[in-house]
Structure formats: C-alpha cells, structure tokens
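Visitor: Residue numbers (our numbering): 1218 to 1409.
We treat Cβ as the ideally placed atom computed from N, Cα and C, and that holds for glycine.
Here the structure is a predicted model, which is why all the values come from computation and not from measurement.
Provided herewith is a single structure, encoded as structure tokens, for subsequent inquiry.
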C-alpha cells in the first residue's frame, strides 16, 4: 500500500470533546517556524478558527503540515505527511509518527496553550482514496501494513476501523496502547 498522503491525529487529553482556545496557536506556530522547533520545512500559518469543528490553526510545511483541529468534534494535533514519493505506508509511518509526537512534545513544553495530548492512541487517516478507499479490503491492507509499526511504538495495542459507515470519508483506523508512555519513550522506540 502506497498512499500519497497520510494524516495522524493525537487527541487532546483528558477530554478531546472540550473546547480548545486556538488563539495561542498562531503566535506559537510562527515561533516554531522562526526557531525550527519541529521537524519539517515550515512555511506559513493559516487560521481557520472561524470554521466550526474545522481545521483550526494550521502550520503549513513543504513535507508536513501540523494543525490543531476539531473535525468530528474531537480536538487534536493533526499531522499530515506529504511529498514522500512512492514509499510504502510501513516505511513512511514511523517518520510521520515521530514528527507528530515531536510536535505534541513541543506544544506541551512551550506551555502557552496549556494543552496535553493523549499518547496512548493515534488515529491514522489514509488521504488517498484511489489507493485506499474506505472499504474492507483497503482496511485489511492498511491494518496489515501499520500493525508492525504500531506494535513497535506501543507494544501490545488494539487497532480498529473508524468511519466505516461512510464511504465518502477517508479510510481511518485507530491504534490504542494497553499502557501509556511518554513522548521521549515513544520517540526512542521509533528511533530503533
């Protein structure tokens, strides 16, 4: 499976359905650009805070975008990995996870937002409907390709499909760890 773009979402903790103040994210993301605080070639910040349950504030990059979104009524850090050529999902997923976790760690360390992220679960969305339609066969292929990566990251974990009731949505799956780990522990596991 070789999707052209993937998205990972780390949900806000403890309650992703609670409202999130997006105002601090515009200056924070501009600082991330100036200081190269997170991985990627970062270009600009876009403010979509006026869109209800929308993309929020987006830090746009050449190879990766980071955003605080509330799509589906659940706030989280959405990391979109793009422009990686024809790499297989299993090859690009560890890099995308490392970028997402590093950004979550940087947001938490900065302290302006007061947000924490749940690092015991991650939602993976395959944004390429031609390669990965939201159907049973594509889910089976995505699960087979991503399970070894998620098990290396989390250890034992459960992987389930999300949004199977609507074929118009991107194929999505959620990996949930049996036990939580810190950002540093997760990054160390991905570096192996």
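1. What distance in whole Å lies between the Cβ atoms of residue 1220 and residue 1352, which are believed to be in contact at a cut-off of 8 Å?
2. The alpha helix (DSSP H) that contains residue 1370, what's its start and end?
3. Given this structure, state the Cα-to-Cα distance separating residue 1306 from residue 1372, to the nearest angstrom.
4. So, are the CB atoms of residue 1262 and residue 1275 less than 8 Å apart?
5. Taking DSSP as the reference, what is the three-state secondary structure of residue 1383?
6. Using 10 angstroms around the beta-carbon of residue 1340, count the other beta-carbons present and answer buried if the total reaches 16, otherwise exposed.
7. If you count every other CB in all the chains shown that lies within 10 Å of the CB of residue 1292, and 16 or more means buried, which is it?
8. Is the separation between the beta-carbon of residue 1286 and that of residue 1272 shorter than 8 Å?
9. Please give me, in chain order, every unbroken run of the alpha helix (DSSP H) with length at least 4 that falls completely inside the segment 1251 to 1319.
10. I'd like to check one pair, residue 1281 with residue 1257: are the Cβ atoms closer than 8 Å?
11. Nearest to residue 1338 by alpha carbon, out of 1254, 1357, 1376 and 1244?
12. Which first and last residues belong to the alpha helix (DSSP H) in which residue 1402 is found?
13. Could you pull the start and end residues of the beta strand (DSSP E) that residue 1393 belongs to?
Guide: Well, looking at it:
1. At roughly 14 Å, the Cβ-Cβ gap does not stay under 8 Å, so residue 1352 and residue 1220 are not in contact.
2. 1353 to 1371
3. 19 Å
4. Against a cut-off of 8 Å, the Cβ pair of residue 1275 and residue 1262 comes out as a contact.
5. In this structure, residue 1383 counts as coil in the three-state DSSP scheme.
6. Buried is the label assigned to residue 1340, since at least 16 other Cβ atoms lie within 10 Å of its Cβ.
7. buried
8. yes
9. none
10. yes
11. Selected option, being the one with the closest Cα: 1376.
12. 1400 to 1408
13. 1388 to 1394
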